[in-house]
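Contents: one structure, followed by commentary.
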Amino acid sequence: MLTIATIAEMKDAARAEKSAGRTIGFVPTMGYLHEGHLSLVRASKAATDSTVVSIFVNPAQFGPQEDYARYPRDFERDSAFLIGEGADILFFPEAAEMYPPDFRTFVEVERLQDKLCGRTRPGHFRGVCTVVLKLFEIIRPEKAYFGQKDAQQALILKKMAADFNLDVELDVRPIVREPDGLAMSSRNQYLSPGDRRAAVVLNRSLEAAAAAIRGGERRPDVVIGLIRGLLGREPAARIEYVEIVEARLLEAAPDAGPGRLIALAVYFGNTRLIDNLIIPAEG
Ligand code: PAF
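Per the numbering used here, the sequence shown starts with residue 81, numbered consecutively.
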């Protein structure tokens with residue numbers, strides 16, 4: 081695996097892949113890799129000739145009170161995982177090169193960026209879109225891989241790619257969960273042992289909602305009430321939001337029918353976790 085730290089070298093390497101007729105699959109990450117990220121690397125390796133993984137803790141997507149400084153970082157560990165998966169290139173740029181002092185251009189996807197997580201994380205998706213567009217421009221991948229756990233991020237990035245006519249196909253892969261159902265996240269490692277045990281309530285409440293919907297329940301307020309009730313029984317959980325939205329503009333859905341997104345954000349101590357479920361088609 082080639083490790084590259086500068087934009088110029090990454091552009092050269094990407095150009096070399098293309099001149100050799102090799103397609104590029106790209107997995108953008110903020111590091112502290114887990115099985116969810118590695119599933120994206122595997123998907124990229126299966127579908128493209130050369131897999132580039134970026135590790136960049138993007139300051140532009142963190143609010144001033146958020147965890148940028150303490151976000152987990154472990155380059156050696158991540159690098160070993162990526163070598164194990166057979167990634168071809170690890171791009172590990174410096175914040176000072178990605179955002180020089182005179183950096184002024186940001187990307188916003190209007191309306192979508194203000195819903196769900198955007199309500200309490202103003203500027204977050206602007207930072208995500210800006211860095212992802214920069215990375216796309218540097219790496220020029222044919223395919224890029226994202227996790228469904230960040231459902232709103234995936235939707236927003238797809239809209240950005242469509243609106244800017246980007247020549248990259250976004251592949252959004254299923255949520256990877258721990259054996260007890262907790263969605264994998266680099267932030268899970270912040271949880272105290274007690275909060276870690278409590279956090280299984282996220283997936284359990286989504287599963288209970290899915291069961292109610294399978295049983296014929298379609299009223300969004302009833303399904304949301306069920307989820308809130310289950311979360312409310314867990315003293316460690318502090319709900320930020322539970323919503324059922326339609327999947328195009330993320331507006332409140334009139335029913336809990338197939339294709340709707342049930343999304344939630346919940347705190348355990350200072351750790352904010354998200355999870356979601358797309359209501360499957362009937363039968
Ligand atoms: O999902 C993430 O880890 C980040 O938001 C991303 C896409 C790597 C952009 O910094």
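All residues carry an ideal CB built from backbone N, CA and C; glycine is no exception.
Just how far apart, CA to CA, sit residue i and residue j?
{"i": "E177", "j": "Q141", "result": "16 Å"}
{"i": "G207", "j": "A317", "result": "28 Å"}
{"i": "R284", "j": "R298", "result": "19 Å"}
{"i": "G274", "j": "D230", "result": "24 Å"}
{"i": "G166", "j": "L235", "result": "28 Å"}
{"i": "R102", "j": "Y112", "result": "28 Å"}
{"i": "G339", "j": "L330", "result": "12 Å"}
{"i": "L306", "j": "R199", "result": "23 Å"}
{"i": "A96", "j": "A242", "result": "26 Å"}
{"i": "P360", "j": "V211", "result": "32 Å"}
{"i": "Q228", "j": "D335", "result": "22 Å"}
{"i": "E217", "j": "L250", "result": "14 Å"}
{"i": "D92", "j": "Y270", "result": "38 Å"}
{"i": "R267", "j": "A88", "result": "31 Å"}
{"i": "Y347", "j": "R201", "result": "14 Å"}
{"i": "L357", "j": "L341", "result": "6 Å"}
{"i": "Y148", "j": "I319", "result": "22 Å"}
{"i": "I354", "j": "E156", "result": "27 Å"}
{"i": "R205", "j": "L120", "result": "Looking at the sequence itself, residue 205 is Phe, so the reference to Arg does not match. Their backbone Cα atoms lie some 21 Å apart in a straight line."}
{"i": "V133", "j": "V303", "result": "38 Å"}
{"i": "K223", "j": "S124", "result": "8 Å"}
{"i": "L170", "j": "S99", "result": "19 Å"}
{"i": "A292", "j": "A343", "result": "16 Å"}
{"i": "S159", "j": "D301", "result": "45 Å"}
Among the options, whose alpha-carbon lies nearest the alpha-carbon of residue i?
{"i": "A289", "options": "E323, V256, P273 and S266", "result": "E323"}
{"i": "G261", "options": "R267, E249, S272 and V280", "result": "V280"}
{"i": "V248", "options": "P254, P181, I319 and K239", "result": "K239"}
{"i": "A127", "options": "G105, R257 and G296", "result": "G105"}
{"i": "S265", "options": "P108, M81 and E115", "result": "E115"}
{"i": "K214", "options": "R191, A333, L286 and F244", "result": "F244"}
{"i": "R277", "options": "E362, P181 and E258", "result": "E258"}
{"i": "R308", "options": "E326, G295 and E287", "result": "E287"}
Using the three-state DSSP reduction, which class does residue i fall into: helix, strand or coil?
{"i": "R298", "result": "coil"}
{"i": "K98", "result": "helix"}
{"i": "K223", "result": "strand"}
{"i": "P254", "result": "coil"}
{"i": "V187", "result": "coil"}
{"i": "S272", "result": "coil"}
{"i": "D88", "result": "Reading off the sequence shown, one finds Ala at residue 88, where the question assumed Asp. Here A88 sits in helix by DSSP."}
{"i": "L249", "result": "The amino acid at residue 249 is misidentified as Leu; the sequence shows Glu. Reduced to three states, the DSSP call for E249 is strand."}
{"i": "M170", "result": "Checking the sequence shown, residue 170 turns out to be Leu, not Met. Reduced to three states, the DSSP call for L170 is strand."}
{"i": "R153", "result": "coil"}
{"i": "A140", "result": "helix"}
{"i": "A289", "result": "helix"}
{"i": "R318", "result": "strand"}
{"i": "A361", "result": "coil"}
{"i": "A263", "result": "strand"}
DSSP has residue i in a bridge; who is on the other side?
{"i": "D355", "result": "L344"}
{"i": "E323", "result": "A343"}
{"i": "T148", "result": "The sequence given here has Tyr at residue 148, not Thr. BP columns for Y148 are empty, so no partner."}
{"i": "P108", "result": "S134"}
{"i": "T103", "result": "The partner list for T103 (beta bridge, DSSP) is empty, contrary to what the question assumes."}
{"i": "L82", "result": "I169"}
{"i": "A332", "result": "V325"}
{"i": "A93", "result": "Answer is none; A93 lacks a bridge partner."}
Cβ of residue i less than 8 Å from any chain B Cβ?
{"i": "L213", "result": "In summary, chain B is missing from the structure at hand, where a single protein chain is found."}
Task: Quiz: which residues have CB nearer than 6 Å to the ligand PAF non-hydrogen atoms - done: P108, T109, M110, N138, Q141, V208, V211, V212, D230 and Q233
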